[in-house]
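Residue numbers (the numbering used here): 17 to 172. We put the beta carbon where it would ideally sit given N, CA and C, even for glycine.
And the structure:
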């Protein structure tokens with residue numbers, strides 16, 4: 017984790033990331049904490065800054081590995097949370113979320129809720145429309161938590 021923090025807080029190191037180095041840094045991730053740290057500090061910022069292509073994030077979404085799928089969804093946090101450098105990116109966020117709507121792995125479901133809630137501050141109408149459009153396929157947790165965020169500004 018400390019290595020990730022050094023990279024994300026050192027602009028030349030972040031600018032030097034490539035798809036190959038990002039994949040290497042993410043090898044062997046197998047728990048919630050390490051995946052979220054990697055996605056928020058390395059993969060997400062690298063994607064936001066154009067260091068890795070969108071197709072890489074979408075490739076992770078298609079993986080059989082739950083942790084790679086979670087990584088892809090959590091990468092959107094770096095697009096939308098100001099503390100992570102995000103300035104709002106509904107198009108890329110919703111493109112990732114669309115591919116995860118039917119995933120019922122709890123780790124991916126929780127990430128999907130987080131991704132959509134992170135986008136509310138930037139484009140609440142797009143998030144509300146997404147919930148309506150995918151009401152038949154989204155997990156109950158996502159509908160409940162994101163719906164609450166839209167109504168009250170809070171997760172629950």
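Residue i versus residue j: straight-line alpha-carbon distance, rounded
{"i": "residue 121", "j": "residue 22", "result": "31 Å"}
{"i": "residue 237", "j": "residue 84", "result": "Residue 237 lies beyond the range of the chain shown here (17 to 172); nothing can be said about it."}
{"i": "residue 27", "j": "residue 33", "result": "10 Å"}
Exposed unless 16 or more other CB atoms sit within 10 angstroms - verdict on residue i
{"i": "residue 29", "result": "exposed"}
{"i": "residue 161", "result": "buried"}
{"i": "residue 175", "result": "No answer is possible for residue 175: the residues shown for the chain start at 17 and end at 172."}
{"i": "residue 107", "result": "exposed"}
Simplified DSSP state of residue i, which is helix, strand or coil
{"i": "residue 126", "result": "helix"}
{"i": "residue 188", "result": "The structure shown does not extend to residue 188, since the chain spans only 17 to 172, so no value can be given for it."}
{"i": "residue 58", "result": "helix"}
{"i": "residue 68", "result": "coil"}
{"i": "residue 152", "result": "coil"}
{"i": "residue 169", "result": "coil"}
{"i": "residue 75", "result": "helix"}
(message) Tell me whether the region 91-111 and the region 50-66 touch, counting them as touching only if at least three CB pairs, one residue from each stretch, are closer than 8 Å.
(response) yes
(request) For the region 142-151 and the region 72-79, state whether three or more C-beta atom pairs, one from each stretch, are separated by less than 8 Å. (result) no
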